[in-house]
Each structure stands twice: as C-alpha cells, then as structure tokens.
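K.L.:
I have a structure I would like to understand better, so I am pasting it below and will then ask my questions one at a time.
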Ligand code: G
Ligand code: G
Ligand code: NA
Ligand code: MN
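Residue numbers (the UniProt record's numbering): 223 to 476.
Right, here's the structure in full:
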C-alpha cells in the first residue's frame, strides 16, 4: 500500500525523529521526567505525529526496528536531555502492546538497554492493552526490567478492559491516568470521584500517579487542590517537541 511505502522509506531515509514531553511536579513545577514520542518528517518537511503509523508498523513487523531507533536516538541525546530537563531526569519510552508479549523482542530490548549502561535512567511505558499479555509481563518482562534497574509505567490507565486485574498482579512504578479523565476534570463531578479512586488505588499500591493530557490551569488547580496526584504531563506545560525546540533550560515550569 501507499502508507506502507511511505513507512518503509521514512525508516530508510531516517525521517523519524523523537519529540520530548516533560512530566512535571504540579506543586514544585520541577521537571521530574520526560517522555519520548515518535515523530515523522513528511515529504514536505512537516513534522507529523505517528497517527496510524505505529499500528501499521506493528502490523508490518517494523515496530521493533523503530523501537531500537528510538532507544539509540535517546541514548545519543542523553547529555542534551540532561542539559534541558536536569541531570538524571527519568526518560520514558513507549513499547507497543504486541511487543510487550514478545519475549524474544523484549529480551533483546532489555539487553540493549542494559548495554547502554543507563538502564536506571529509563522507564518503559506499557499501555493497559499490553497487560492483556499479563502472564508474559509478570513472569518475564517486568522482572528483566527490574533486574537492570529500569522502571515501568502503566500508560492510558482507566480506559482499557483489564485495568483492575492488571493492577492486582503487576508491579509497576508509575500509574499514568488516561487523559480522558483529566480533560475538564474541574467540571465533571462523576469523573472526579473516579479519578480520586484511581489515585488512591495507585498510591496504596506504592506507585507514582501521573495525570496525562493536562491542558488548562483549571485542571491543574483542581488536581493540586482536590487530589494527591503530584505529577502531570500535557500541553499546559509543553507539547511534545524535538529537543532543539526547548530553547531554554526546562528543569522547571514555574
Ligand atoms: O503524540 P502522540 O501522537 O505521540 O502519540 C500517539 C500514539 O503513538 C500514542 O499512543 C503513543 O503511545 C504512541 N507512540 C508514540 N511514540 C511511540 C514509540 O516510540 N513507540 C510506540 N510503540 N508507540 C509510540
Ligand atoms: O503514549 P501515549 O498513548 O500516552 O501518548 C501520549 C499522547 O498524548 C501523544 O499522542 C501526545 O502527543 C498526546 N498528548 C500529550 N499531551 C497532551 C495534551 O495535553 N492533550 C492532548 N489532547 N494530547 C496530549
Ligand atoms: Na506513553
Ligand atoms: Mn498515554
């Protein structure tokens, strides 16, 4: 297909690049981490989100190469990441659901991560969907990551179908609440009740709880005043953009 051709040529011509989005402490406004999000420079030079490309890459078996490329680029950028966001900032990478259950791929990936000598700097975000392959994660993948000192995040929490059972069996460091719960939270009483329940569940299980998709001061004020959620990520602080677009140091967002 045409989309397939574009994907293959983008990989060949190195037209993929990494965008970075900070995770910020909503009380101190200090940057606590950064998520790496794949971008693609189209034929006209415009930077595009992955859109359907991630799903297509998974389908075509190209996602493993893409994931390695993201790891390589990020490792090469560590000094610059530290310069922008602060020394030792945790760096989060996404792994697709299908990869999470592929023990061969995950073994190689964890090996690559260990070889960088920087495994302790990294957090791997698995979408809730990945927790469908719970037994592989629990028995193999999470212990391997823990062994090398990398952290684990449960991404997009609350919108999948296995949320609570995943939490029962899997140990993760971070619980990232899906942005559908954060959007206009100050005006949605029923969502507020659910959000608070998720937050207390996460904290009771010893996880860092982070709100995804924070866009407005009203949402921030609500989170800071009515919940114990400490971390947030979203357009309110910064869109995901290439590292060189952070013109000034962003160790904090006050
Ligand atoms: O900005 P946003 O459009 O980046 O991302 C859209 C989707 O693509 C999200 O679900 C995100 O998790 C996913 N995504 C972004 N970068 C990567 C990546 O490097 N690997 C994988 N597997 N998914 C990614
Ligand atoms: O990995 P994950 O599926 O969580 O990907 C995060 C997605 O959310 C990316 O597509 C990223 O660009 C997007 N995103 C990050 N911050 C915001 C925000 O404040 N609002 C919205 N609508 N999307 C966001
Ligand atoms: Na993510
Ligand atoms: Mn997410």
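Even glycine gets a Cβ: it sits at the ideal position worked out from N, Cα and C.
1) Note down, in chain order, each residue of its chain lying with its Cβ closer than 7 Å to the Cβ of residue 307, except the 5 sequence neighbours on either side.
2) Would you call residue 387 buried or exposed, if buried means 16 or more other Cβ atoms sit within 10 Å of its Cβ?
3) Looking only at DSSP bridge pairs, what is residue 376 linked to?
4) Determine the contact status of residue 303 and residue 233, defining contact as a CB-CB distance below 9 Å.
5) Which partner residues does residue 455 have in the DSSP bridge list?
6) For residue 432 versus residue 396, is the C-beta spacing smaller than 9 Å?
7) From which residue to which residue does the alpha helix (DSSP H) around residue 418 run?
8) Kindly examine ligand 4 and report whether one of its heavy atoms sits closer than 8 Å to the Cβ of residue 395.
9) Are the CB atoms of residue 403 and residue 380 within a distance shorter than 9 Å?
10) Count the other CB atoms, across all protein chains shown, that sit within 10 Å of the CB of residue 441; report buried if there are 16 or more and exposed otherwise.
11) Run the Cβ filter for me: residues under 5 Å from any heavy atom of ligand 1, listed in the order they occur in the chain.
12) How far does the alpha helix (DSSP H) with residue 365 in it extend, from its first residue to its last?
13) Between 449, 447, 439 and 435, which lies nearest to residue 455 when the distance is taken from Cα to Cα?
14) What's the gap between the Cα of residue 242 and the Cα of residue 299?
15) If you follow the beta strand (DSSP E) that residue 361 is part of, which residue opens it and which one closes it?
16) So with Cβ pairs under 9 Å, would you call residue 269 a contact of chain C?
17) Classify residue 237 as helix, strand or coil using the three-state DSSP reduction.
18) Thinking C-alpha only, which one of 325, 269 and 311 is nearest residue 317?
19) Rounding to the nearest angstrom, what Cα-Cα distance links residue 346 and residue 374 in this structure?
20) Applying the criterion that 16 or more other CB atoms from any shown protein chain within 10 Å of the CB defines a buried residue, is residue 377 buried or exposed?
21) Comparing the CB of residue 347 with every heavy atom of ligand 3, is any distance shorter than 8 Å?
22) Can you look up residue 255 in the DSSP assignment and give me helix, strand or coil?
23) Which residues in the same chain have their Cβ closer than 7 Å to the Cβ of residue 476, if we skip the five residues on either side of it in sequence?
24) Rank 226, 445, 461 and 286 by C-alpha distance to the C-alpha of residue 247 and give the top, closest one.
P.N.:
This is what the structure holds:
1) Start at 1 with the first residue of the chain shown, and residue 307 comes out as number 85. 244, 253, 256, 472 and 473, listed in sequence order.
2) For the purposes of this step, residue 387 is taken as residue 165 along the chain shown, with counting starting at 1. Exposed, by the Cβ-count rule.
3) As a working note, residue 376 is residue 154 in the chain shown. Answer is 348 and 397, bridged to residue 376.
4) By one-based count along the chain shown, residue 303 stands at place 81. By one-based count along the chain shown, residue 233 stands at place 11. It is not a contact, given that the beta carbons lie outside the stated cut-off.
5) As a working mapping, residue 455 is identified with position 233 in the chain shown. Its beta-bridge partners are 434.
6) For this step, residue 432 is matched to residue 210 along the chain shown. For this step, residue 396 is matched to residue 174 along the chain shown. Yes, Cβ-Cβ distance for residue 432 and residue 396 is below 9 Å.
7) The sequence position of residue 418 within the chain shown is 196, counting from 1. Note, residue 418: alpha helix (DSSP H), 411-426.
8) Walking along the chain shown from the start, residue 395 turns up at place 173. The answer is no for residue 395.
9) Working through the chain shown from its first residue, we reach residue 380 at position 158. Working through the chain shown from its first residue, we reach residue 403 at position 181. Yes, the pair counts as a contact, with Cβ atoms nearer than the cut-off.
10) Here residue 441 refers to the residue found at position 219 of the chain shown. Classification of residue 441: buried, given that the 10 Å Cβ count is 16 or more.
11) Counting every residue whose Cβ lies closer than 5 Å to a heavy atom of ligand 1, we get 259, 260, 271, 272, 276, 292, 316 and 318.
12) Within the chain shown, numbered from 1, the residue matching residue 365 stands at position 143. In the DSSP assignment, residue 365 falls within the alpha helix (DSSP H) that extends over 364-369.
13) The sequence position of residue 455 within the chain shown is 233, counting from 1. If we check each option's Cα against that of residue 455, 435 comes out closest.
14) Mapped onto the chain shown, residue 242 falls at position 20. Mapped onto the chain shown, residue 299 falls at position 77. Roughly 11 Å between the two C-alpha positions.
15) Translated into the one-based positions of the chain shown, residue 361 becomes position 139. Counting along the chain, residue 361 falls outside any beta strand (DSSP E), and DSSP gives it neither H nor E.
16) The displayed structure is made up of one protein chain only, and chain C is not part of it.
17) For the purposes of this step, residue 237 is taken as residue 15 along the chain shown, with counting starting at 1. Coil at residue 237, not helix or strand.
18) Numbered from its first residue, the chain shown carries residue 317 at position 95. Of the candidates 325, 269 and 311, the one whose C-alpha sits nearest the C-alpha of residue 317 is 325.
19) Walking along the chain shown from the start, residue 346 turns up at place 124. Walking along the chain shown from the start, residue 374 turns up at place 152. If you take the alpha carbons of residue 346 and residue 374, they lie about 5 Å apart.
20) Residue mapping note: residue 377 aligns to position 155 of the chain shown, counting from 1. Buried, by the Cβ-count rule.
21) Working through the chain shown from its first residue, we reach residue 347 at position 125. Yes.
22) Along the chain shown, read from residue 1 onward, the residue named residue 255 stands at position 33. Strand.
23) Reading the chain shown from its first residue, position 254 is the one you call residue 476. The beta carbon of residue 476 sits closer than 7 Å to those of 251, all from its chain and outside the five residues before and after it, given in chain order.
24) The count along the chain shown starts at 1 and reaches residue 247 at position 25. Checking every option, the nearest Cα to that of residue 247 belongs to 445.
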